[in-house]
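Asker:
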Amino acid sequence: MTDSTINEPKSMTADEAAEFAEQVFEVARQGDAVMLNRLLEKGLPANLRNHKGDTLLMLASYYGHQDAVQVLLDHKADPEIRNDNGQSPIAGAAFKGDLAVVRLLVESGADVEGASVDGRTALMMAAMFNRTEIVDYLIEQGANPHARDAKGVSALGAAQAMGAAETAAQLSRLGV
-8 MTDSTINEPK
2 SMTADEAAEF
12 AEQVFEVARQ
22 GDAVMLNRLL
32 EKGLPANLRN
42 HKGDTLLMLA
52 SYYGHQDAVQ
62 VLLDHKADPE
72 IRNDNGQSPI
82 AGAAFKGDLA
92 VVRLLVESGA
102 DVEGASVDGR
112 TALMMAAMFN
122 RTEIVDYLIE
132 QGANPHARDA
142 KGVSALGAAQ
152 AMGAAETAAQ
162 LSRLGV
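In this note's numbering, the protein residues as written are -8 to 167.
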């Protein structure tokens, strides 16, 4: 999206509006913080959702774009909005292993215990994929290492099931 495309026509057809929305979500995926800021200042809703229920914040968080995440949070994007699969931005960032984005989300009010519909927490996601620094940080922030998902699996059990030896050992040392 270039500067010229942010001056969208005053009256759009449904197809033009859909194309514009898709471009906006691509801006979040690509992490273009400057463009996001411009769009948000022009009135773009910070909690805009796509056809999968992903917010701009979810996409920027998942793809590890710290500056874009900060811009969205500055414009009051809600870090607790889940997508249609019940996934939160913090879980996406934990899955991808982006500690800086996880920190930003927590500092902006994301619930470290916020679970998806299947009961998985960001801590469980971090543990499953050997994200040791994120595991430490989330526990420091109050994440419950004893929490269990809908199937009764804890962060330690998730790490063991995924063969994530480092986080399994880390959680075992904590007596989890």
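Using N, Cα and C, we set each Cβ at its ideal position, and we do this for glycine too. All values reported here derive from a predicted model rather than from experimental measurement.
Is Thr168 helix, strand or coil by DSSP?
Answerer: Nothing about residue 168 can be reported from this structure: the residues present for the chain run from -8 to 167 only.
Asker: What first and last residue would you give for the alpha helix (DSSP H) that runs through Ala19?
Answerer: Here the alpha helix (DSSP H) through Ala19 covers Ala5 to Gln21.
Asker: Taking its Cβ as the centre, do 16 or more other Cβ atoms sit within 10 Å of Ser2, making it buried, or is it exposed?
Answerer: So Ser2 counts as exposed.
Asker: When you compare only the Cα positions, how much space is there between Ala85 and Leu114?
Answerer: For Ala85 and Leu114, the distance between alpha carbons rounds to 7 angstroms.
Asker: Would Ala106 and Ala150 qualify as a contact pair, given that the criterion is a beta-carbon distance under 8 angstroms?
Answerer: Cβ distance not < 8 angstroms, so Ala106 and Ala150 don't count as in contact.
Asker: Tell me whether Arg73 sits in a helix, a strand or coil according to DSSP, three-state version.
Answerer: If DSSP states are grouped into helix, strand and coil, Arg73 belongs with coil.
Asker: Give the list of continuous alpha helix (DSSP H) stretches no shorter than 4 residues that lie fully inside the segment 21 to 64.
Answerer: With a minimum length of 4 residues, the continuous alpha helix (DSSP H) runs that stay inside the segment 21 to 64 are 24 to 32 and 47 to 53.
Asker: Within the continuous alpha helix (DSSP H) that includes Ser79, where are the two ends?
Answerer: Counting along the chain, Ser79 falls outside any alpha helix (DSSP H), and DSSP gives it neither H nor E.
Asker: Could you check if Ala156 is buried or exposed, using at least 16 other CB atoms within 10 Å of its CB as the buried criterion?
Answerer: It counts as exposed.
Asker: When the Cα atoms are used, what is the spatial distance from Pro70 to Ala159?
Answerer: In a straight line, the C-alpha of Pro70 is about 28 angstroms away from that of Ala159.
Asker: How would you call Leu147, buried or exposed, if buried means at least 16 neighbouring beta carbons within 10 angstroms?
Answerer: Leu147 comes out buried.
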